[in-house]
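Peer 1:
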Amino acid sequence: MIEILKPTELARAKDTGALVADILQTLKSRSAVGTNLLDIDRWAKAMIIEAGAESCYVDYEPSFGRGPFGHYICTAVNDAVLHGLPHDYTLADGDLLSLDLAVSLGGVAADSAISFVVGASEPPASVAMIRATERALSAGIAAARPGARIGDISHAIGSVLRGAGYPINIEYGGHGIGTTMHQDPHVANTGQPGRGYKLRPGLMLALEPWVMEDTAELVTDADGWTLRSATGCRTAHSEHTIAITDDGAEILTLPKQARH
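If you're matching positions, the sequence shown starts at 1 in UniProt numbering and goes up one per residue.
Here it is as structure tokens:
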């Protein structure tokens, strides 16, 4: 299903996106050396409930997972990149942590992800990989406008990632979002311009460039959820929810300090 949201729904989506962004920034500020991933999950739960919102993850049970996800946020460390199931792990200096959060507020969902290095260490290769996903996300957003095609977004994202030297997995990527978290169309992280669904005002998309340092192959943990790089290399993931407007795209999941 591809959903075109009404103006009233898009107004609510802005509130949802702001909530997602602010929770992620709060969790980033609390994620220090010695923090347990289960603490991050508990903090996310408390903030979602306090805001009167609902988690998109707790009861999430897609065909590729193993039963309901059962947690409030995805926490992926180092070689984990997607669907990271929170578990009893204490963050160490230099860990690369990705936080992926989706909530629903007022009947409309928003989805965002950030990656950052924990502690005082800043491994250059990890920082470069994070920055590449952020640049790719910006390029994808710049390509999103009425009349453009999904392939234009995918091509823009893929050009940045490939130009930075990273292999690209196309099994998982961005997606439509609206009154539910995952909808059509699929937005691969590379593709051909001029192809695919034509963008229309009212369409919401979650764009999410992610890469692994030296492979495009994923493996699944024994938990049935966490996806890791097949080689054990580090990974990074950046995501925003956007709404197609009459003259471009509006980012709905900007943190407070970045909003106008």
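Every residue, glycine too, gets a C-beta built ideally from N, C-alpha and C. Values in this document were obtained by computation on a predicted structure and should not be read as measured data.
1) How about Met204 and Glu54: do their beta carbons lie closer than 9 Å?
2) According to the neighbour-count rule (16 or more other Cβ atoms, all chains shown, within 10 Å of its Cβ), is Phe69 buried or exposed?
3) Under 9 Å between the Cβ atoms of Ala144 and Ile244?
4) Could you check what DSSP says for Thr16 in three-state terms: helix, strand or coil?
5) Buried or exposed: which applies to Arg228, given that a residue is buried once 16 or more other Cβ atoms fall within 10 Å of its Cβ?
6) Whose CA, out of Tyr166, Leu24, Phe64, Ala102, lies closest to the CA of Thr235?
7) Where do the ends of the alpha helix (DSSP H) carrying Thr133 lie?
8) Measure the Cβ-Cβ separation of Lys256 and Ala110 and say whether it is below 9 Å.
9) Among the residues of its own chain, which have a CB less than 7 Å from the CB of Pro185, if the five just before and after it don't count?
10) What would DSSP say about Gly248, mapped onto helix, strand or coil?
11) Looking at C-alpha atoms only, which residue of Ala164, Ser98, Leu105 is the closest neighbour of Val118?
12) Whose CA, out of Met129, Ser104, Leu199, Thr35, lies closest to the CA of Glu213?
13) Quick check on the DSSP output: the alpha helix (DSSP H) that includes Ser159 runs from which residue to which?
14) Looking only at its chain, what residues have a beta carbon closer than 8 Å to the beta carbon of Lys28, apart from the 5 residues adjacent to it on each side?
15) According to DSSP, which residues form a beta bridge with Lys198?
16) Could you say which of Arg162, Asp246, His240, Met181 lies nearest to Glu61 if we only look at CA atoms?
17) Applying the 10 Å Cβ sphere with the 16-neighbour rule, what's the burial state of Gln192?
18) Pick helix, strand or coil for Trp210, following the three-state DSSP scheme.
Peer 2: Considering the structure as presented:
1) For this step, residue 204 is matched to residue 204 along the sequence shown. For this step, residue 54 is matched to residue 54 along the sequence shown. Taking 9 Å as the cut-off, the beta carbon of Met204 is found no closer than this to the beta carbon of Glu54.
2) Here residue 69 is taken as the residue at index 69 of the sequence shown, counted from 1. When all chains shown are included, Phe69 counts as buried.
3) Here the question's residue 144 lines up with position 144 in the sequence shown. Here the question's residue 244 lines up with position 244 in the sequence shown. Yes.
4) As a first step, residue 16 must be located in the sequence shown, where it is residue number 16. Three-state result, Thr16: helix.
5) Taking the sequence shown and counting its residues from 1, one reaches residue 228 at position 228. That one is buried.
6) Residue mapping note: residue 235 aligns to position 235 of the sequence shown, counting from 1. Nearest C-alpha to Thr235: Tyr166.
7) Residue 133 sits at position 133 when you count from the first residue of the sequence shown. 124-143 is the span of the alpha helix (DSSP H), which, as asked, contains Thr133.
8) On the sequence shown, residue 256 is found 256 positions in, with the first residue counted as 1. On the sequence shown, residue 110 is found 110 positions in, with the first residue counted as 1. Cβ atoms of Lys256 and Ala110: not closer than 9 Å.
9) Locating residue 185 in the sequence shown gives position 185, where the first residue counts as 1. So the list reads Ile2, Ile150, Gly176, Gly196, Tyr197, once near-sequence residues are dropped.
10) For this step, residue 248 is matched to residue 248 along the sequence shown. Coil, per DSSP.
11) If you number the sequence shown from 1, residue 118 lands on position 118. Nearest neighbour of Val118 by Cα position, chosen from Ala164, Ser98, Leu105, turns out to be Ser98.
12) As a first step, residue 213 is located in the sequence shown; it is residue number 213 there, counting from the start. When only C-alpha atoms are compared, the closest one is Met129.
13) To locate residue 159, count along the sequence shown from 1; it is residue 159. Note, Ser159: alpha helix (DSSP H), 150-163.
14) Taking the first residue of the sequence shown as 1, we reach residue 28 at position 28. Taken in chain order, the residues that qualify are Leu99, Ile114, Phe116.
15) The residue labelled residue 198 in the question sits at position 198 within the sequence shown. For Lys198, which the question treats as bridged, DSSP gives the partners Arg149.
16) For the purposes of this step, residue 61 is taken as residue 61 along the sequence shown, with counting starting at 1. Among Arg162, Asp246, His240, Met181, the Cα nearest to that of Glu61 belongs to Met181.
17) Taking the sequence shown and counting its residues from 1, one reaches residue 192 at position 192. Taking a 10 Å sphere around the C-beta of Gln192, we find fewer than 16 other C-beta atoms and assign the residue as exposed.
18) As a first step, residue 210 is located in the sequence shown; it is residue number 210 there, counting from the start. DSSP places Trp210 in strand when its eight states are reduced to three.
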